[in-house]
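**Q**
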Amino acid sequence: MRVIPFDASLGAEIADIDLASDLDAGTIKKLNDYWAEHLVLCIRGQNLSPQDFIKVGRIFGDPFRQIYGQFNHPDYPEIGLLTHKDSDIAGSGKRKIRGTSWHTDASYFKKPPAGTMLFAITVPNEGGDTEFLSMRAAYKALSEEHKVKLCDLRSIHVYESSRSPRKLIKRSPGQVKEFGEQAKHPIVRTHPKNGQKSIYLNPIRVEKIDGLSRQISDVVLDDLYEHLFQSKFQYRHKWRVGDFLIWDNRGVLHQANDDYDWRNEQRELYRIMVKGERPF
Ligand SMILES: [Fe+2]
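Read left to right, the sequence shown gives residues 1077 to 1356 (the working numbering).
#1: So, are the CB atoms of Thr1180 and Gln1331 less than 8 angstroms apart?
#2: Mind listing which residues have their beta carbon within less than 5 angstroms of any non-hydrogen atom of ligand 1? Chain order is fine.
#3: Who does His1149 pair with in a DSSP beta bridge?
#4: So, under 8 angstroms CB-CB, Phe1136 and Glu1154 are touching, yes? Tell me the CB distance rounded to an integer number of Å.
#5: Identify every run of the beta strand (DSSP E) within the segment 1138-1222, keeping only runs that are complete inside it and at least 3 residues long; order them along the chain.
#6: Mind listing, in chain order, the continuous alpha helix (DSSP H) runs of no fewer than 4 residues lying wholly within the segment 1232-1274?
#7: Where does the unbroken alpha helix (DSSP H) through Ile1348 begin, and where does it stop?
#8: Say whether the segment 1297-1317 touches the segment 1208-1220, bearing in mind that this needs 3 or more beta-carbon pairs closer than 8 angstroms, one atom from each stretch.
#9: Based on Cα-Cα distance, which residue from Trp1111, Ala1096, Val1328 and Tyr1235 lies nearest to Pro1035?
#10: Looking only at DSSP bridge pairs, what is Arg1078 linked to?
#11: Quick one: grab the DSSP three-state call for Asp1109.
#12: Hey, quick one: how far does the alpha helix (DSSP H) through Phe1129 stretch, first residue to last?
#13: Rounded to the nearest angstrom, how far is the Cβ of Trp1315 from that of Gly1191, given a contact under 8 angstroms?
#14: Indicate whether Ile1245 and Ala1182 have their beta-carbon atoms separated by less than 8 angstroms.
#15: Does the beta-carbon of Cys1227 have 16 or more other beta-carbons within 10 angstroms, so that it is buried, or is it exposed?
#16: Which of helix, strand or coil does DSSP assign to Asp1337?
#17: When you compare each of Gln1251, Ser1219 and Asp1098 to Lys1131 by their alpha carbons, which one comes out closest?
#18: Where do the ends of the alpha helix (DSSP H) carrying Arg1290 lie?
#19: Kindly indicate which three-state DSSP category Ile1224 falls into: helix, strand or coil?
#20: Return the bridge partner residues of Arg1312 from the DSSP annotation.
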């Protein structure tokens, strides 16, 4: 197994490993250590059945039934399907590609998913990349004074923030009940494995900073997002069929791109999320 860090502030490719094979405990520990260190791992050229993909999911945590039942794999509810044909079934019914602005997954959960994994089944010839951004590198780049100012702040995460740059798909009443409405999380989040700190914000879900007026909260959030969105913290992933990729929702923002010719080209990925801890 070889580790090839990306030429970016996060991420590494892991080469010379077959995820469908039976991995020993030492290899599994190493993979988890690399994940905590690099936040995004990509392992190319994999051949995974749905059952294999769930088995790989268990290397990194505890996969749970995906949030939007309408997009789940018909036989394996831990696997969600992301496709070029997705639509807002509970809302307008129109085609809607999810995830097309910076976010971290499901941060309105009291315990948001620690990680998300994708496996590329079909990819377009051009476009459809996924971008990642290191909130850990962005935290490190803050001045010491700024870090101190943020250390006790908490933000309120809701399903769809009034500040969200895009409309999210509608949830059915059952989904609202099952997955909850909101949570309060620290703005500086600590990784449970290595103690590294990150900014932890979510442009689509953070409504407000707890205890601040709306006006002051908006100023602080706008300022932090401007800092976060700098290109030096970003990495852009160009998909190949057989790519397995995992990111750490505790320290990474990501966004999809709907810039491919979806009428003539297909894009299908499997997704798994694993349970996470209460942020601290
Ligand atoms: Fe996402």
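We treat Cβ as the ideally placed atom computed from N, Cα and C, and that holds for glycine.
**A** This is what the structure gives:
#1: Sequence index remark: in the sequence shown, residue 1180 carries index 104 (1-based). Sequence index remark: in the sequence shown, residue 1331 carries index 255 (1-based). No, the Cβ-Cβ distance between Thr1180 and Gln1331 is not below 8 angstroms.
#2: Gly1175 and Asp1181
#3: Your numbering for residue 1149 matches position 73 in the sequence shown. Answer is none; His1149 lacks a bridge partner.
#4: The residue given as residue 1136 occupies position 60 in the sequence shown. The residue given as residue 1154 occupies position 78 in the sequence shown. Incorrect: roughly 13 angstroms between the Cβ atoms, too far for contact.
#5: 1156-1159, 1191-1198 and 1206-1210
#6: 1249-1255
#7: Here residue 1348 refers to the residue found at position 272 when the sequence shown is read from its first residue. Premise fails: Ile1348 lies in the beta strand (DSSP E), Glu1344 to Val1350, not in any alpha helix (DSSP H).
#8: yes
#9: The shown model of the chain, from 1077 to 1356, leaves out residue 1035, and the question about it has no answer.
#10: As a position in the sequence shown, residue 1078 is number 2, starting the count at 1. According to DSSP, which records beta bridges pairwise, Arg1078 is partnered with Ala1091.
#11: As a working mapping, residue 1109 is identified with position 33 in the sequence shown. In the structure shown, Asp1109 sits in a helix (DSSP, three-state: H, G or I).
#12: Position 53 of the sequence shown, counting from 1, holds the residue named residue 1129. Its alpha helix (DSSP H) spans residues Pro1126 to Phe1136.
#13: Within the sequence shown, numbered from 1, the residue matching residue 1315 stands at position 239. Within the sequence shown, numbered from 1, the residue matching residue 1191 stands at position 115. At roughly 18 angstroms, the Cβ-Cβ gap does not stay under 8 angstroms, so Trp1315 and Gly1191 are not in contact.
#14: The sequence position of residue 1245 within the sequence shown is 169, counting from 1. The sequence position of residue 1182 within the sequence shown is 106, counting from 1. The answer is no: Cβ separation not under 8 angstroms.
#15: Translated into positions along the sequence shown, residue 1227 becomes position 151. With fewer than 16 Cβ atoms within 10 Å of its Cβ, Cys1227 is classed as exposed.
#16: Translated into positions along the sequence shown, residue 1337 becomes position 261. Asp1337: coil per DSSP, three-state reduction.
#17: Translated into the one-based positions of the sequence shown, residue 1131 becomes position 55. Nearest option by C-alpha distance: Asp1098.
#18: Residue mapping note: residue 1290 aligns to position 214 of the sequence shown, counting from 1. Run containing Arg1290: Arg1290 to Leu1304, per the alpha helix (DSSP H) assignment.
#19: Counting from one through the sequence shown, the residue named residue 1224 turns up at place 148. In the sequence under discussion, the amino acid at residue 1224 is Val, which differs from the Ile named in the question. Helix, per DSSP.
#20: Mapped onto the sequence shown, residue 1312 falls at position 236. Arg1312 pairs with Glu1207.
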